[in-house]
Amino acid sequence: MKKIRIMVLYGGRSGEHEISLRSAASVIRFLDSSRFDVIPVAIDKQGKWLLNDVSLIKKSADSLPVFHDAPAVVLPPHPGSVEDGLIRLGSTCSGDLAQSSGIDVVFPVMHGPLCEDGTIQGLLELADIPYVGCGVLASAGGMDKDVAKRLMKEAGMPIVPYIALKKNNWEEGQPSLALKVEQELSFPVFVKPANLGSSVGVYKVKTAEALDSAIKSAFQFDTKILIEKAVQAREIELAVLEDSQPGKPPLVSIPGEIVPTHEFYSYEAKYLDEDGAKLLIPAKLNSEKITVARKIARQAFEVLECEGMARVDLFLDKDSDHFFFNEINTIPGFTSISMYPKMWEHSGISYQELLSRLVDLAISRHQRKKSLVRNYQQ
0 MKKIRIMVLY
10 GGRSGEHEIS
20 LRSAASVIRF
30 LDSSRFDVIP
40 VAIDKQGKWL
50 LNDVSLIKKS
60 ADSLPVFHDA
70 PAVVLPPHPG
80 SVEDGLIRLG
90 STCSGDLAQS
100 SGIDVVFPVM
110 HGPLCEDGTI
120 QGLLELADIP
130 YVGCGVLASA
140 GGMDKDVAKR
150 LMKEAGMPIV
160 PYIALKKNNW
170 EEGQPSLALK
180 VEQELSFPVF
190 VKPANLGSSV
200 GVYKVKTAEA
210 LDSAIKSAFQ
220 FDTKILIEKA
230 VQAREIELAV
240 LEDSQPGKPP
250 LVSIPGEIVP
260 THEFYSYEAK
270 YLDEDGAKLL
280 IPAKLNSEKI
290 TVARKIARQA
300 FEVLECEGMA
310 RVDLFLDKDS
320 DHFFFNEINT
330 IPGFTSISMY
340 PKMWEHSGIS
350 YQELLSRLVD
360 LAISRHQRKK
370 SLVRNYQQ
């Protein structure tokens with residue numbers, strides 16, 4: 000059978016660019032070579048799309064390169080014309096890549112704004128190209144922590160108390176807002192950008208005097224931030240996967256737990272310190288708690304109308320022993336040690352099989368959409 004041609008799209012214009020390089024390296028390494036041909040395309044930090052040669056990427060590499068002298072590319076000029084392949088601008092490719100740059104499906108392995116927030120997904124919808132993962136709605140809603148929390152609260156899920164702020168609100172009303180934070184949330188609090196992941200720009204603030212500095216730092220990464228009450232909690236994560244049969248409830252993995260050795264699960268603990276956290280799979284929870292956690296994860300996936308995949312992060316309050324919804328990640332980390340693939344491995348789905356299922360789901364969804372009527376005549 001003819002192999003499926005997958006564009007693995009990585010990099011991107013976000014603070015999580017380097018994390019994407021690591022996730023994509025694992026995806027390329029574990030994709031089933033008997034079923035798929037890989038076409039790696041990097042988006043550099045300036046937003047330029049670059050067609051890379053898979054033969055130059057070491058299969059054992061932990062992180063992918065971005066070859067800045069690679070040919071620049073754009074998507075096919077007409078919706079649905081994937082057989083025309085990518086349009087190469089400037090220098091030309093050689094070897095097998097020149098003949099195999101047509102694409103059947105895109106696997107976006109990118110995190111953060113302009114990557115995971117519905118932007119890329121909308122572009123691929125306009126180009127009429129199948130792609131892995133959530134659509135525009137779930138991607139945008141899941142990326143914005145404020146919007147996601149509002150939706151979950153509306154659905155009856157408990158959330159940690161927080162205040163959302165726009166930059167101009169803080170600049171114009173700092174004294175009263177600082178007082179509101181102290182009265183409604185009390186210290187310590189977490190200050191975080193609304194639209195970033197991987198703990199980029201997240202600060203734990205213990206005193207009122209330190210609040211302004213943390214807020215100004217967080218506003219460097221986003222135009223909206225969250226100030227969230229700090230709770231003494233265990234960090235529980237679950238992987239969710241769309242069922243292969245449309246309409247059936249999504250599959251939910253066994254839960255895992257993050258046990259940071261730092262004060263909290265910061266960017267440094269995640270990526271810079273090899274001993275920054277312990278990843279426990281399965282999490283040490285009794286059967287009742289596991290049932291509750293899986294129910295919340297499934298509900299979050301459905302409330303946000305996710306497709307393909309998502310990782311749902313929960314807090315288990317050490318005082319009340321109750322779960323709180325924390326956030327949802329529509330393109331979770333995909334390194335070989337990331338929680339999403341690891342939780343599925345412990346639940347009986349290997350990394351390679353997981354990737355194959357995600358690609359099949361993307362193609363199936365695209366085929367269903369193709370059957371929709373796009374014009375109307377009385």
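In numbering that gives the first Met the number 0, the protein residues as written are 0 to 377. Where a beta carbon is used, it is the ideal one built from N, C-alpha and C, also for glycine. As the structure is a prediction and not an experimental result, all values here were calculated from the model.
Separation of residue j from residue i, as counted between CA atoms
i: L96; j: V201; result: Reliability fails at L96, whose pLDDT of 41 lies under 50, so the model's placement of it is uncertain and the value that follows must be treated cautiously. Rounded to whole angstroms, L96 to V201 spans 41 Å at the Cα level.
i: S54; j: P254; result: 37 Å
i: S363; j: A154; result: 29 Å
i: I128; j: A23; result: 19 Å
i: S349; j: P340; result: 8 Å
i: C92; j: H67; result: For C92, the predicted model reports a pLDDT of 41, less than 50, meaning its position is unreliable; a value from the coordinates is still stated below. Spanning the two alpha carbons is a distance of roughly 14 Å.
i: K381; j: F189; result: Here the chain covers residues 0 to 377 and nothing more, so residue 381 does not appear.
i: S265; j: P112; result: Confidence is the limiting factor: at S265 the pLDDT is only 47, short of 50, which leaves the residue's position unreliable and the question unanswerable from this model.
i: P70; j: L195; result: 30 Å
i: N374; j: V199; result: 44 Å
i: R297; j: P248; result: 8 Å
i: E352; j: L74; result: 28 Å
i: S212; j: K294; result: 39 Å
i: D320; j: M342; result: 23 Å
i: G376; j: S370; result: Contrary to the premise, residue 376 reads as Gln rather than Gly in this sequence. Cα to Cα, the separation comes out at about 17 Å.
i: K205; j: S13; result: 28 Å
i: S32; j: Q182; result: 57 Å
CB of residue i within 8 Å of CB of residue j, strictly
i: I214; j: K191; result: no
i: M109; j: L8; result: yes
i: E256; j: E241; result: no
i: L313; j: N328; result: no
i: L49; j: V65; result: yes
i: A292; j: F300; result: no
i: H345; j: P245; result: no
i: L237; j: S252; result: yes
i: K44; j: H16; result: yes
i: R28; j: S355; result: no
i: V258; j: L284; result: no
i: K148; j: F218; result: no
i: A276; j: T260; result: yes
i: K317; j: Q231; result: yes
i: V104; j: I38; result: no
i: F220; j: A207; result: no
i: L210; j: V180; result: yes
i: V146; j: V239; result: no
i: D359; j: S243; result: yes
Of the listed residues the options, nearest to residue i (C-alpha basis)
i: I5; options: I295, L30, R12; result: L30
i: R21; options: V40, K47, S62, V37; result: S62
i: E304; options: T260, L74, K166, G140; result: G140
i: P331; options: L315, F323, L357, F322; result: L357
i: A60; options: S25, I42, P70; result: S25
i: L164; options: K144, L74, K152; result: K144
i: I18; options: A41, Q351, T222, S370; result: A41
i: G347; options: E181, L250, S370; result: L250
i: K1; options: I102, V72, R12, S13; result: I102
i: V302; options: L353, M156, L315, S243; result: M156
i: G307; options: K152, S138, G10, G11; result: S138
i: K152; options: V372, S370, F322; result: F322
i: G11; options: V72, L184, P107, S32; result: P107
i: T222; options: W169, L315, E183; result: W169
CB contact check: residue i to chain D, cutoff 8 Å
i: P112; result: Chain labels in this structure do not include chain D; a single protein chain is all it has.
(message) For the structure I just gave you, are there three or more beta carbon pairs, one from the segment 117-132 and one from the segment 165-181, closer than 8 Å?
(response) no
(request) Could you say if the segment 155-169 and the segment 224-233 meet the contact criterion of at least three C-beta pairs nearer than 8 Å? (result) yes
(message) Three or more C-beta pairs under 8 Å: does that hold for the segment 111-120 against the segment 130-149?
(response) yes
(request) Determine contact between the segment 360-375 and the segment 331-345, defined as no fewer than three beta-carbon pairs at a distance below 8 Å. (result) no
(request) Scan the segment 207-271 and note each continuous alpha helix (DSSP H) run of 4 residues or more that stays entirely inside, going in chain order. (result) 210-217
(message) Suppose only complete runs of 3+ residues qualify. What are the beta strand (DSSP E) ranges in the segment 289-377, listed by chain order?
(response) 308-316, 322-328
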